[in-house]
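Peer 1: Just so we're aligned: 938 in our numbering is position 937 of the sequence shown, and the numbers increase by one with no gaps anywhere.
Backbone N, C-alpha and C define an ideal beta-carbon position, used for all residues, glycine too.
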Amino acid sequence: MTELVVTAATDGGEMLADAARVGNKFARQEVLRRAGFRVPEFFCLPAAAFDQALDALRPSLPAEPADGADRAEVESWCAAAREALVGARLPVTLAERIRKEFAAVAGPEGLVAVRACVVPAAAGADDASGAADAPEASEAIGEDSAVDPFAGMSDSFLYVDEDGLEDAVLGCWASAFNPQAVRYRTLRGLDPLRARVAVGIQRMVLGTRSFVAFTRDPRDGAVLRVVAAAYGIGEGVVQEKADIDHFFHDPATDEVTARTVRKQWSMGLPEGAAAGSPALLPVAAELAEVPVLDDGQVREVAELAAKVEELFGVPQDIEGALTEDGAVHLLQARPLVTAPPTAGTAPAAGAATATATAAATATAATEDPGTAQVYWGNHNITESFPGVSGALTFSQSREFYRRSFADLYRRMGVPESWVRDNAHRLARMVGYLEGQVYYRLDDWHALHGQMPMFELVRRGWEQAMGITGPARGERRWAAPAVALALPRLAWRSALHPWQVKSFLRWWDRQMAEAETIGDSPEELIAFYRRLWERAGERWGVTLVNAFIALVVLGAGSVLLRRWTGEGPQVLVGLMGGGRENRSLEAVRAAMGLAELVGAVPELRAAVLDDASDPEQLWQQIVEGQHGAAVGDAARGYVARYGDRALHDLKLEEPTPRQRPWTVLALIRPLVRQGATVAASRADEQAAARKARERLREVLPNPARRAVLLGVTSLARDLARIREDTRFCRTQLFGLSRDVMWRLGAELARTGVLDDALDVADLTVEEVIGAFDGTGTVTDLRALVALRRTQRERWAKNPQRPALLGTPAGLPLARALPRASAVGKAAAADDGLLRGIGSSGGVVRGRAKVVLDPSTDPDLAAGRILVARETDPGWLFLMMSATGMVVERGTLLSHTAITGRLLGVPTVVAVPGATTAIPDGAWIEIDGAAGTVRLLPPSEQPEDPEESGEPGESDATALTTRTAPTDATSPTDGTASTEKGDRT
Numbered sequence: 002m003t004e005l006v007v008t009a010a011t012d013g014g015e016m017l018a019d020a021a022r023v024g025n026k027f028a029r030q031e032v033l034r035r036a037g038f039r040v041p042e043f044f045c046l047p048a049a050a051f052d053q054a055l056d057a058l059r060p061s062l063p064a065e066p067a068d069g070a071d072r073a074e075v076e077s078w079c080a081a082a083r084e085a086l087v088g089a090r091l092p093v094t095l096a097e098r099i100r101k102e103f104a105a106v107a108g109p110e111g112l113v114a115v116r117a118c119v120v121p122a123a124a125g126a127d128d129a130s131g132a133a134d135a136p137e138a139s140e141a142i143g144e145d146s147a148v149d150p151f152a153g154m155s156d157s158f159l160y161v162d163e164d165g166l167e168d169a170v171l172g173c174w175a176s177a178f179n180p181q182a183v184r185y186r187t188l189r190g191l192d193p194l195r196a197r198v199a200v201g202i203q204r205m206v207l208g209t210r211s212f213v214a215f216t217r218d219p220r221d222g223a224v225l226r227v228v229a230a231a232y233g234i235g236e237g238v239v240q241e242k243a244d245i246d247h248f249f250h251d252p253a254t255d256e257v258t259a260r261t262v263r264k265q266w267s268m269g270l271p272e273g274a275a276a277g278s279p280a281l282l283p284v285a286a287e288l289a290e291v292p293v294l295d296d297g298q299v300r301e302v303a304e305l306a307a308k309v310e311e312l313f314g315v316p317q318d319i320e321g322a323l324t325e326d327g328a329v330h331l332l333q334a335r336p337l338v339t340a341p342p343t344a345g346t347a348p349a350a351g352a353a354t355a356t357a358t359a360a361a362t363a364t365a366a367t368e369d370p371g372t373a374q375v376y377w378g379n380h381n382i383t384e385s386f387p388g389v390s391g392a393l394t395f396s397q398s399r400e401f402y403r404r405s406f407a408d409l410y411r412r413m414g415v416p417e418s419w420v421r422d423n424a425h426r427l428a429r430m431v432g433y434l435e436g437q438v439y440y441r442l443d444d445w446h447a448l449h450g451q452m453p454m455f456e457l458v459r460r461g462w463e464q465a466m467g468i469t470g471p472a473r474g475e476r477r478w479a480a481p482a483v484a485l486a487l488p489r490l491a492w493r494s495a496l497h498p499w500q501v502k503s504f505l506r507w508w509d510r511q512m513a514e515a516e517t518i519g520d521s522p523e524e525l526i527a528f529y530r531r532l533w534e535r536a537g538e539r540w541g542v543t544l545v546n547a548f549i550a551l552v553v554l555g556a557g558s559v560l561l562r563r564w565t566g567e568g569p570q571v572l573v574g575l576m577g578g579g580r581e582n583r584s585l586e587a588v589r590a591a592m593g594l595a596e597l598v599g600a601v602p603e604l605r606a607a608v609l610d611d612a613s614d615p616e617q618l619w620q621q622i623v624e625g626q627h628g629a630a631v632g633d634a635a636r637g638y639v640a641r642y643g644d645r646a647l648h649d650l651k652l653e654e655p656t657p658r659q660r661p662w663t664v665l666a667l668i669r670p671l672v673r674q675g676a677t678v679a680a681s682r683a684d685e686q687a688a689a690r691k692a693r694e695r696l697r698e699v700l701p702n703p704a705r706r707a708v709l710l711g712v713t714s715l716a717r718d719l720a721r722i723r724e725d726t727r728f729c730r731t732q733l734f735g736l737s738r739d740v741m742w743r744l745g746a747e748l749a750r751t752g753v754l755d756d757a758l759d760v761a762d763l764t765v766e767e768v769i770g771a772f773d774g775t776g777t778v779t780d781l782r783a784l785v786a787l788r789r790t791q792r793e794r795w796a797k798n799p800q801r802p803a804l805l806g807t808p809a810g811l812p813l814a815r816a817l818p819r820a821s822a823v824g825k826a827a828a829a830d831d832g833l834l835r836g837i838g839s840s841g842g843v844v845r846g847r848a849k850v851v852l853d854p855s856t857d858p859d860l861a862a863g864r865i866l867v868a869r870e871t872d873p874g875w876l877f878l879m880m881s882a883t884g885m886v887v888e889r890g891t892l893l894s895h896t897a898i899t900g901r902l903l904g905v906p907t908v909v910a911v912p913g914a915t916t917a918i919p920d921g922a923w924i925e926i927d928g929a930a931g932t933v934r935l936l937p938p939s940e941q942p943e944d945p946e947e948s949g950e951p952g953e954s955d956a957t958a959l960t961t962r963t964a965p966t967d968a969t970s971p972t973d974g975t976a977s978t979e980k981g982d983r984t
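1. Going along the chain, which residues of its own chain have a beta-carbon closer than 6 Å to the beta-carbon of residue 277, five neighbours each way excluded?
2. What does residue 377 pair with, by DSSP beta-bridge criteria?
3. Please confirm if residue 259 has its CB atom under 9 Å from at least one CB of chain C.
4. Under the DSSP definition of a beta bridge, which residues are partnered with residue 406?
5. Going by C-alpha distance, which of 801, 484, 463, 564 is nearest residue 475?
6. In the DSSP output, what is residue 849 paired with across the bridge?
7. Can you give me the C-alpha to C-alpha distance between residue 565 and residue 791, rounded to a whole angstrom?
8. Does the beta-carbon of residue 546 have 16 or more other beta-carbons within 10 angstroms, so that it is buried, or is it exposed?
9. Looking at the secondary structure, which residues open and close the alpha helix (DSSP H) in which residue 986 lies?
10. What's the C-alpha gap between residue 844 and residue 676?
11. Considering only DSSP beta bridges, list what residue 45 is partnered with.
12. Grouping DSSP H, G and I as helix and E and B as strand, with all else coil, what is residue 621?
13. For the beta strand (DSSP E) holding residue 464, just list the boundary residues, first then last.
14. Per DSSP, what kind of secondary structure is residue 449 in: helix, strand or coil?
15. Do residue 781 and residue 763 have their C-beta atoms closer together than 9 Å?
16. Verify the contact flag: residue 301, CB atom, against every heavy atom of the ligand ZN, threshold strictly below 8 Å.
17. How would you label residue 582, buried or exposed, when you count the other beta carbons within 10 angstroms and need 16 or more for buried?
18. Does the beta-carbon of residue 681 have 16 or more other beta-carbons within 10 angstroms, so that it is buried, or is it exposed?
19. Tell whether a beta-carbon distance below 9 Å holds between residue 405 and residue 650.
20. Give me whichever residues DSSP pairs with residue 320 in a beta bridge.
21. Please go through the same chain and pick out, in chain order, the residues whose beta-carbon is closer than 7 Å to the beta-carbon of residue 104, but skip the five residues on each side of it.
22. So residue 383 packs on residue 870, CB below 8 Å; how close in whole Å?
23. What does a CB cutoff of less than 6 Å around residue 3 pick up in its chain, not counting 5 residues either side in sequence?
24. Between residue 805 and the rest of its own chain, which residues show a CB-CB distance below 7 Å, the 5 nearest in sequence each way excluded?
25. Taking the runs of the beta strand (DSSP E) that are 3 residues or longer, which of them lie wholly in the stretch 246-324?
26. Residue 477 by DSSP, collapsed to three states: which one?
27. How would you label residue 716, buried or exposed, when you count the other beta carbons within 10 angstroms and need 16 or more for buried?
28. Can you tell me the Cα-Cα spacing of residue 17 and residue 797, whole angstroms?
29. What is the DSSP secondary structure of residue 663, counted as helix, strand or coil?
30. Would DSSP call residue 925 helix, strand or coil?
31. Beta carbon of residue 1, beta carbon of residue 23: below 9 Å?
32. Tell me the DSSP bridge mates of residue 230?
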């Protein structure tokens with residue numbers, strides 16, 4: 002069946018990217034939309050719809066001129082066809098369908114732009130099979146092609162409402178036979194009778210300023226970005242009816258120069274009109290001498306044009322608009338034609354593209370690639386992979402992201418064909434930047450952008466990922482499209498609890514199966530392959546949870562703000578309490594073991610004695626020399642929680658499963674503090690009770706309070722699931738570590754490697770390939786030596802920014818030295834560092850800046866922990882601290898959740914905290930307001946210790962903890978409990 006209306010959902014968007022059906026203009030827009038550019042939503046009537054309309058009118062038209070007919074006869078027939086199309090009516094079913102799609106794109110009261118595009122006459126469906134990836138490769142002679150743009154030949158209709166939609170479509174079809182188009186095609190040696198038109202219907206962007214930009218100087222092809230801009234919509238620039246400023250951006254120097262004029266006229270919708278044709282409008286007097294764009298906006302537009310050029314591989318001519326909020330929207334893009342074609346000299350389809358591509362490639366090899374950037378971020382992935390990671394860890398993390406997110410997209414309704422076609426994006430969701438694991442953000446934007454529901458959480462997700470400035474993605478779905486996706490999200494949410502339970506049961510079975518695996522390489526490799534294949538079919542459930550949690554938290558914050566005027570801090574307090582998650586169970590199991598150890602005086606003394614041999618002492622414990630209860634608890638802890646440790650996703654790092662005696666270092670501060678499971682649970686419950694009391698104060702309406710409590714209960718459940726599944730992820734990597742280390746031991750035993758842990762500098766496939774015959778390197782020892790030297794060199798490098806950009810189009814080894822930080826933390830006028838308050842209470846104390854999480858937990862006792870990021874393995878450091886300040890994280894990050902569970906005031910997402918706060922400095926943090934303040938000497942204790950670390954005797958003196966006293970600072974139970982009481 003012929004599709005007469007094509008949307009992004011039709012055939013997974015493949016038809017919308019097919020230039021043979023919808024024309025180069027709209028196929029290219031679909032490619033841009035998929036690539037993450039901010040392209041307004043649109044749908045198309047392909048050329049097949051035009052064919053049907055014209056065929057229906059042919060009986061009433063004069064006989065079609067024969068081949069070789071004179072120009073007058075051809076022009077007469079075209080004029081009759083044009084008149085017939087203008088006077089026609091759309092079939093009822095087609096008219097109803099486009100009204101339905103209109104509502105989805107623009108809303109019932111919205112406006113659209115309706116544009117025509119002449120479809121390449123020489124290209125068939127097969128010719129455009131590659132359009133989804135690179136339309137330029139399949140373009141024949143047609144509007145907006147690389148060969149000839151056919152500029153101004155077809156009609157466009159702007160500010161079209163639903164009532165004017167049908168006439169606009171017919172007008173676009175009729176423009177196939179506009180006199181100027183007929184004559185131009187004749188001049189170019191093309192048959193005017195064979196013209197076919199596709200129509201694009203696109204949400205109208207109400208631009209306050211518009212531009213046309215070229216990635217090369219159109220006069221001579223020089224590498225210079227040229228921007229022409231005017232107030233109002235783009236027709237004023239394209240038709241040269243508005244007063245236009247010109248800007249020139251040199252990508253080699255980043256310099257911007259301008260040639261501005263006095264602006265008197267712009268183009269737009271006349272005042273008071275709801276729809277209709279644009280008109281000339283006077284420019285406000287105060288704007289007449291002001292450049293249409295400032296230098297920063299010129300650079301932003303130039304960078305946008307450069308990114309489009311990077312995508313298509315040839316110089317580009319783009320059109321766009323800036324809306325009142327400053328957002329830049331990309332409306333059209335076409336290959337830049339720097340010299341007009343002449344009659345009879347049109348190259349064969351694709352030849353011009355090949356020439357331009359070759360020229361662009363040669364230029365790229367000798368010139369600076371310009372301002373196009375690839376953006377990288379590790380704002381929260383460093384929770385999992387801090388510092389420099391080995392090749393084994395990176396290869397495993399890459400596999401994890403590839404498999405788990407493919408499963409997420411399938412579960413969220415992204416077509417399977419699209420997921421397959423974008424396997425290259427899934428394979429590079431994480432990158433390896435001189436040993437540090439980073440997200441490649443353009444691929445994340447492109448992949449997540451396939452889910453309409455993503456628009457509901459985009460802002461929160463970007464905050465969680467630390468994405469700001471030009472690294473932010475483009476909105477890709479209008480509100481109506483998002484609304485249409487809500488039933489799927491509701492259904493997915495309803496099924497979610499059952500699916501999570503099923504996932505956890507399945508995972509526990511995998512852990513049980515792991516206990517039965519033998520030692521032979523064949524069995525280990527088969528188990529590993531089977532485990533990851535199964536995980537790839539199920540792990541998307543854990544990511545769906547994160548998606549739903551962001552939606553729920555966003556909804557709760559909106560309701561709280563609307564009903565009480567309060568920020569999210571109240572919501573944070575309410576998320577405490579509830580059933581224990583698996584991560585907290587691990588902490589409390591350690592507490593329980595510490596209690597048992599503390600109850601045996603000689604064992605307590607031995608654990609606290611730094612001179613004790615931990616391996617020997619552990620052996621005594623598990624053999625029952627200090628009592629059966631302690632021995633059982635110690636063995637049980639390692640069996641159940643032995644994969645949880647610092648850096649527990651880094652496969653080169655040992656965990657208690659490989660080094661069980663390291664548990665003693667983890668529980669030492671708990672033994673010293675006398676921490677108990679009962680006290681921990683009591684603190685948590687008190688915090689939750691205080692939060693509910695605070696809610697009663699700020700929201701006396703019982704019905705609304707019940708709604709908010711229901712939302713926070715759901716958020717608490719989702720947070721518990723997050724920690725449960727993160728613990729499963731720890732175990733997944735733990736099983737992988739165990740397999741790889743055992744294979745490494747066999748490689749060392751047989752002399753292939755010097756040491757079992759040399760596998761840290763091999764990839765997973767290289768380790769397995771050494772056994773199953775798929776490896777390509779036989780001298781693994783030399784490869785390990787090379788990578789180890791490289792890794793050790795990288796470990797000495799300064800910390801890279803959490804968000805950075807590298808020049809596009811270069812090998813990473815060449816691009817990384819040119820990397821630049823993106824976004825800077827704004828300095829506060831009041832001297833406060835600000836972040837996200839994630840666990841309430843106010844605490845004063847000395848800062849303990851921790852850059853190496855292997856720091857002895859005793860050194861954090863009685864201090865406020867300050868770190869770049871944390872992961873689940875930091876739990877024991879956290880438990881020793883009186884407060885936490887972390888540079889990265891969100892309300893749902895591990896740090897935030899742990900702070901609430903432990904009753905420790907916590908502020909996350911504090912940019913530059915580890916450099917702004919000196920180690921040992923006296924600070925005050927407000928875990929509700931999300932502020933950190935360095936205390937002046939007048940507010941510090943009169944006799945603080947000037948050096949040394951706080952110990953058991955002075956932890957209480959060094960820390961004061963108070964409840965917020967003003968009405969705007971919500972409190973929780975942690976604020977009324979002195980942390981010093983526990984030390």
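Peer 2: From the atom records:
1. Indexing the sequence shown from 1 puts residue 277 at position 276. Annotation for residue 277: 160 place their beta carbon closer than 6 Å to its own, counting only its chain and skipping 5 residues before and after.
2. The residue you call residue 377 lines up with position 376 of the sequence shown. Assignment of beta-bridge partners to residue 377 by DSSP yields 441, 805.
3. Any reference to chain C falls outside this structure, which holds one protein chain only.
4. Within the sequence shown, the letter at position 405 stands for residue 406. Paired residue(s): none; residue 406 is not in a bridge.
5. Taking the sequence shown and counting its residues from 1, the one referred to as residue 475 is at position 474. Minimum Cα distance to residue 475 is reached at 463.
6. Numbered from 1 along the sequence shown, position 848 holds the residue referred to as residue 849. Bridge partners of residue 849: 866.
7. Looking up residue 565 in the sequence shown gives position 564. Looking up residue 791 in the sequence shown gives position 790. For residue 565 and residue 791, the distance between alpha carbons rounds to 55 Å.
8. Along the sequence shown, one-based indexing puts residue 546 at 545. Residue 546 counts as buried, since at least 16 other C-beta atoms from the protein chains shown sit within 10 angstroms of its C-beta.
9. Outside the shown range of the chain (2 to 984) lies residue 986, about which nothing can therefore be said.
10. Here residue 844 refers to the residue found at position 843 of the sequence shown. Here residue 676 refers to the residue found at position 675 of the sequence shown. About 20 Å.
11. Taking the sequence shown and counting its residues from 1, one reaches residue 45 at position 44. Under DSSP, residue 45 forms a beta bridge with 7, 201.
12. Numbered from 1 along the sequence shown, position 620 holds the residue referred to as residue 621. The answer is helix: DSSP assigns residue 621 an H, G or I state.
13. Position 463 of the sequence shown, counting from 1, holds the residue named residue 464. Looking at the DSSP string, residue 464 is not in any beta strand (DSSP E); the run it does join, the alpha helix (DSSP H), is 459-466.
14. Residue 449 sits at position 448 when you count from the first residue of the sequence shown. Three-state result, residue 449: helix.
15. The residue labelled residue 781 in the question sits at position 780 within the sequence shown. The residue labelled residue 763 in the question sits at position 762 within the sequence shown. Result yes, Cβ atoms of residue 781 and residue 763 sit closer than 9 Å.
16. Ligands displayed in this structure: none; no statement on the ligand ZN is therefore possible.
17. Start at 1 with the first residue of the sequence shown, and residue 582 comes out as number 581. Result: buried.
18. The residue labelled residue 681 in the question sits at position 680 within the sequence shown. Of the other Cβ atoms in all chains shown, 16 or more fall within 10 Å of the Cβ of residue 681; this residue is therefore buried.
19. Stepping through the sequence shown from its first residue, residue 405 is reached at position 404. Stepping through the sequence shown from its first residue, residue 650 is reached at position 649. Not closer than 9 Å, so no.
20. On the sequence shown, position 319 is the one that residue 320 refers to. Beta bridge pairing from DSSP links residue 320 with 213, 333.
21. As a first step, residue 104 must be located in the sequence shown, where it is residue number 103. Its chain contains 481 as the residues whose beta carbon lies nearer than 7 Å to that of residue 104, once the 5 sequence neighbours on both sides are disregarded; these appear in chain order.
22. Position 382 of the sequence shown, counted from the start, is the residue given in the question as residue 383. Position 869 of the sequence shown, counted from the start, is the residue given in the question as residue 870. Rounded, the Cβ-Cβ distance is 4 Å, consistent with contact.
23. One-based indexing of the sequence shown puts residue 3 at position 2. The residues 49, in chain order, have a CB closer than 6 Å to that of residue 3 in the same chain once the five nearest residues on each side in sequence are set aside.
24. By one-based count along the sequence shown, residue 805 stands at place 804. The beta carbon of residue 805 sits closer than 7 Å to those of 377, 820, 821, 822, 823, all from its chain and outside the five residues before and after it, given in chain order.
25. Fully contained in the stretch 246-324 are the following beta strand (DSSP E) runs of length 3 or more, in chain order: 246-251, 256-260, 266-269, 280-283, 317-323.
26. Taking the sequence shown and counting its residues from 1, the one referred to as residue 477 is at position 476. Three-state result, residue 477: coil.
27. Reading the sequence shown from its first residue, position 715 is the one you call residue 716. That one is buried.
28. As a working mapping, residue 17 is identified with position 16 in the sequence shown. As a working mapping, residue 797 is identified with position 796 in the sequence shown. Straight-line spacing of the CA atoms in residue 17 and residue 797 works out to 50 Å.
29. The sequence position of residue 663 within the sequence shown is 662, counting from 1. The answer is helix: DSSP assigns residue 663 an H, G or I state.
30. One-based indexing of the sequence shown puts residue 925 at position 924. Of the three classes helix, strand and coil, the one that applies to residue 925 here is strand, per DSSP.
31. No information on residue 1 is available, as it lies outside the stretch 2 to 984 that the chain covers here.
32. On the sequence shown, position 229 is the one that residue 230 refers to. The secondary-structure analysis by DSSP pairs residue 230 across a beta bridge with 212, 246.
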